[in-house]
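Accompanying notes for the structure given below.
There are 2 protein chains.
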Amino acid sequence: MIDRLIERIIAKKNPSVVGLDTMLEYVPEHVVNNYGRQRLDLEGTANAIYEFNRAIIDAVYEYVPAVKLQTAYYELYGPHGLETFRKTAEYARSKDLLVIGDIKRSDIGPTAKAYASAYMGQTQLNNDAIRVYDLDFVTVNPYLGSDGVMPFVEVCKKYGKGIFVLVKTSNPSSGEFQDLNVGTGKLYHWVAAKVNEWGRELAGSTGYSRVGAVVGATYPKQLEELRKRMPGVYFLIPGYGAQGGGVEDVLSGFNDDGLGAIINSSRSVICAYMRSPWKEEFPPRRFADAARAEVLRMRREIDTGLSKKGLRPW
Amino acid sequence: MIDRLIERIIAKKNPSVVGLDTMLEYVPEHVVNNYGRQRLDLEGTANAIYEFNRAIIDAVYEYVPAVKLQTAYYELYGPHGLETFRKTAEYARSKDLLVIGDIKRSDIGPTAKAYASAYMGQTQLNNDAIRVYDLDFVTVNPYLGSDGVMPFVEVCKKYGKGIFVLVKTSNPSSGEFQDLNVGTGKLYHWVAAKVNEWGRELAGSTGYSRVGAVVGATYPKQLEELRKRMPGVYFLIPGYGAQGGGVEDVLSGFNDDGLGAIINSSRSVICAYMRSPWKEEFPPRRFADAARAEVLRMRREIDTGLSKKGLRPW
Chain A
0 MIDRLIERII AKKNPSVVGL DTMLEYVPEH VVNNYGRQRL DLEGTANAIY
50 EFNRAIIDAV YEYVPAVKLQ TAYYELYGPH GLETFRKTAE YARSKDLLVI
100 GDIKRSDIGP TAKAYASAYM GQTQLNNDAI RVYDLDFVTV NPYLGSDGVM
150 PFVEVCKKYG KGIFVLVKTS NPSSGEFQDL NVGTGKLYHW VAAKVNEWGR
200 ELAGSTGYSR VGAVVGATYP KQLEELRKRM PGVYFLIPGY GAQGGGVEDV
250 LSGFNDDGLG AIINSSRSVI CAYMRSPWKE EFPPRRFADA ARAEVLRMRR
300 EIDTGLSKKG LRPW
Chain B
0 MIDRLIERII AKKNPSVVGL DTMLEYVPEH VVNNYGRQRL DLEGTANAIY
50 EFNRAIIDAV YEYVPAVKLQ TAYYELYGPH GLETFRKTAE YARSKDLLVI
100 GDIKRSDIGP TAKAYASAYM GQTQLNNDAI RVYDLDFVTV NPYLGSDGVM
150 PFVEVCKKYG KGIFVLVKTS NPSSGEFQDL NVGTGKLYHW VAAKVNEWGR
200 ELAGSTGYSR VGAVVGATYP KQLEELRKRM PGVYFLIPGY GAQGGGVEDV
250 LSGFNDDGLG AIINSSRSVI CAYMRSPWKE EFPPRRFADA ARAEVLRMRR
300 EIDTGLSKKG LRPW
């Protein structure tokens, strides 16, 4: 799976992915109106979000290797929201995009297995097994240790999928526990070492493992340092754009081969039509064009950054 | 909310709760057959699980203060599974049970807020706000630090709800990170101290806070020690029964007032009809009676244990 991700990054000359963290308030009125503006219920809302997501995917699929779906924003709209999550993932796959489920799950063994089966594997029914969400990657929280993570790794092995384990998150208080001193290092160093270990059996032909790490763009020094400690681990880097991380901040997440990192941007893309400079150019009806414009701007920005450092892999 | 939990614990003379972690393989054939045994799809499966859950709730609601629903086992069956999760919670509430959602979520601020709103608060629609799941408590993972937890605390304040934060989990490798030495203590001590702090504003009239902690029955020494460090924090103790924790192991989770802990048991109750001694007494048709018998056995066992230590609060 990590090889397929790298293939698409190179083909599209773009290591950045679009986060479809769609809330109702981001969906323009003309879309919402299709589902009954006045008496919009959860089902109508979920359908409006699906229409919005489809339009964004149509506008950007030629330019990005993958989309990331944050489950929280679908769970917010109940079971109908999850159906929109499922259909959005299916539609993205039909456009040859890889799909990352930002689910940040973890639990004791049998429960972690249920999560892994639901999101990347298959669900056993009476005489049948069904792939429910069939995502390519999910994010995993490490707090429970190996036996909370290994069920995900097992499903990755069996179905050719991948995970990204939270190592150093992008939020302001991520240091509260993650930066605590443990022996000669920090807690996130210990997690990083375990991620190296968990991924050892899952290296692809490119040398990168299907067990990746989440490292926030908002901590560029730690990103640089973790890059050195985890050479064969792919990074999913959130926090670029709306959360404040700039292009300089994310470049240290790449290896010398110009690979090793994908950069997620959610609100700055899907809400581009609401923000300068794009809102001056694109009316709400053209929200998807604004998203494409922002994706192309980001791609140029990252390409220029990588090029300056001699790291362009395409 | 913690006061309402304590009220029910005393009224029912029982600090143990039933975990409805229902997988299809636990549902007896005669229930499954109602939904088309041969060609059972996700919707039929989810409906069979709902029928099973209702029967268990009917059998036990007079004897337990709350039920715990593990989201993984509902997500396993896709959006239909989540609808069964929602309906099960609604049905449990209609029987005056409190409902704990074992969701173990956590994320950066706005995303944590979306989870908290979905599960305990309300979802903002266009002209309306809807309570989607309206659970009484959820479990939260602390790895992201305060700003991943505070959105849950805020929703607790606003809607009178509560949370249980993972401190020391019941799984075999929980020590891998949680037991790492940090300064003069362990990582889970640092998490415990934060849980004390997060809960300070949310103390109920009984002196217990609405910010609780998850501490596994499988680590009785740590349970005893954490009990002393967190006097005003309610514990949710998993791992009793199927995971190997016995009654002696959980008793140290109680305070001198005989309160301060709820004990969860999932498979040993809902699968009671499949296991000795109950399977000899109850055929699969009477799975709910077997669950009730096991609930009453546990209640007696815990009551006797508390009584011996002079801790019986009823």
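Residue numbers (numbering that gives the first Met the number 0), protein chains in the order written: chain A, 0 to 313; chain B, 0 to 313.
Glycine included, each C-beta is placed from N, C-alpha and C at the ideal position.
Since the structure is predicted, the reported quantities are computational estimates derived from the model, not experimental observations.
Return the residue from the list W277(A), T205(A), G309(A), P171(A) that minimises the CA-CA distance to D255(A). Considering only alpha carbons, the answer is G309(A).
Counting only runs that start and end within the segment 222-269 of chain A, where is the beta strand (DSSP E) found for 3 or more residues in a row? Correct list: 234-236, 260-264.
Boundaries of the beta strand (DSSP E) in which F163(A) is found, first to last residue: For F163(A), the uninterrupted beta strand (DSSP E) segment begins and ends at 161-167.
Near W277(A), which residues of its chain fall below 8 Å by C-beta distance, leaving aside the five closest residues on each side in sequence? Within the same chain, W277(A) has close Cβ partners A271, A289, A292, E293.
Can you tell which of L201(A), D40(A), Y90(A) has the C-alpha that lies nearest to the C-alpha of V59(A)? Ranking L201(A), D40(A), Y90(A) by Cα distance to V59(A) puts Y90(A) first.
CB L96(B) to CB V131(B), shorter than 7 Å? No, the Cβ-Cβ distance between L96(B) and V131(B) is not below 7 Å.
Within the same chain, show all residues whose beta-carbon is closer than 8 Å to that of G231(A), passing over the 5 residues directly before and after it, in chain order. Result list for G231(A): N195, G198, A202, G206, Y207, S208, in chain order.
Exposure label - S251(A); buried when at least 16 CB within 10 Å: Buried.
With burial defined as no fewer than 16 other Cβ atoms inside 10 Å of the residue's Cβ, what is the status of T183(B): buried or exposed? That one is exposed.
Using 7 Å as the limit for Cβ to Cβ distance, is E153(A) near chain B? It does not: the Cβ of E153(A) has no partner Cβ on chain B nearer than 7 Å.
Using CA atoms only, rank isn't needed, just tell me which of I5(A), G77(A), M0(A) is closest to M22(A). Proximity to M22(A) across I5(A), G77(A), M0(A) peaks at G77(A), based on C-alpha coordinates.
Mind checking who V214(A) pairs with in its DSSP beta bridge? For V214(A), which the question treats as bridged, DSSP gives the partners K167(A).
Is Y72(A) close to chain B? Criterion is C-beta to C-beta, closer than 7 Å. So yes, Y72(A) belongs to the interface.
Cβ of E196(B) less than 7 Å from any chain A Cβ? Not an interface residue.
Could I get the ranges of all uninterrupted beta strand (DSSP E) runs contained in the segment 112-147 of chain A, with 3 residues as the minimum, in chain order? Look at the segment 112-147 of chain A and you find these whole runs of beta strand (DSSP E), each 3 residues long or longer: 136-139.
Buried or exposed for R299(B), going by 16 or more other Cβ atoms inside 10 Å? Classification for R299(B): exposed.
Interfacial residues, the segment 153-180 of chain A to chain B, with Cβ spacing under 8 Å: Against chain B - using a Cβ distance shorter than 8 Å - the residues of the segment 153-180 of chain A are L165, T168, S169, N170, P171, S172, S173, G174, E175, F176, Q177, L179, N180.
Span separating the alpha-carbon of K94(B) from that of P282(B): Cα to Cα, K94(B) sits roughly 26 Å from P282(B).
Looking at the strands, I want to know which residues DSSP matches up with S208(B). For S208(B), which the question treats as bridged, DSSP gives the partners A202(B).
Could you round the C-beta distance between K160(A) and D135(A) to whole angstroms and report it? I think they count as a contact, below 8 Å. That belief holds up - the Cβ atoms of K160(A) and D135(A) are roughly 6 Å apart, short of 8 Å.
State yes or no: is the beta carbon of A117(B) nearer than 7 Å to at least one beta carbon in chain A? Yes, its Cβ sits closer than 7 Å to a Cβ of chain A.
For A113(A), decide whether its Cβ has a neighbour in chain B, counting only Cβ atoms nearer than 7 Å. So, interface residue.
Within 10 angstroms of the Cβ of R38(A), are there 16 or more other Cβ atoms? Answer buried if so, exposed if not. Burial state of R38(A) is exposed, judged by a 10 Å Cβ sphere holding fewer than 16 other Cβ atoms.
Sort out for me which residues DSSP pairs D2(A) with in a bridge. Note: D2(A) sits in no beta bridge, so no partner.
Got a sec: is the Cβ-Cβ distance from V131(B) to anything in chain A below 7 Å? Yes - at least one Cβ of chain A is within 7 Å of the one on V131(B).
Give the secondary structure of R38(A) by DSSP, where H, G and I count as helix, E and B as strand, and everything else as coil. Coil.
Cβ distance (whole Å) where T83(A) is taken to contact Y49(A) below 8 Å: Taking the Cβ atoms as the reference, T83(A) lies roughly 4 Å from Y49(A), within the contact range of under 8 Å.
Could you work out which residue in V190(A), K156(A), L222(A), S264(A) is closest to I301(A) when comparing CA atoms only? Considering only V190(A), K156(A), L222(A), S264(A), the residue with the shortest C-alpha distance to I301(A) is S264(A).
Contact defined as beta carbons within less than 8 Å: I believe R311(B) pairs with G257(B). What is the distance between those atoms, to the nearest angstrom? Confirmed, Cβ separation roughly 6 Å.
With DSSP run on the structure shown, which of helix, strand or coil describes I99(B)? In the structure shown, I99(B) sits in a strand (DSSP, three-state: E or B).
Cutoff 7 Å: Y25(A) Cβ touching any chain B Cβ: No, its Cβ sits nowhere closer than 7 Å to a Cβ of chain B.
For L68(B), the residue or residues it bridges with in DSSP: Per DSSP, the beta-bridge partners of L68(B) are G100(B).
So, under 8 Å CB-CB, A191(A) and L165(A) are touching, yes? Tell me the CB distance rounded to an integer number of Å. Wrong, their Cβ atoms sit about 11 Å apart, outside the cutoff.
If we count the other Cβ atoms within 10 Å of its Cβ and call it buried at 16 or more, is R284(B) buried or exposed? The residue in question, R284(B), is exposed, as its Cβ has fewer than 16 Cβ neighbours within 10 Å.
Consult DSSP for K185(B) and reduce its assignment to one of helix, strand or coil. When secondary structure is reduced to three states using DSSP, K185(B) falls in the strand class.
Since Y158(B) and F176(A) should fall inside the 8 Å C-beta cutoff, what is the C-beta to C-beta distance between them, to a whole number of angstroms? With a Cβ gap of about 27 Å, Y158(B) and F176(A) do not count as contacting.
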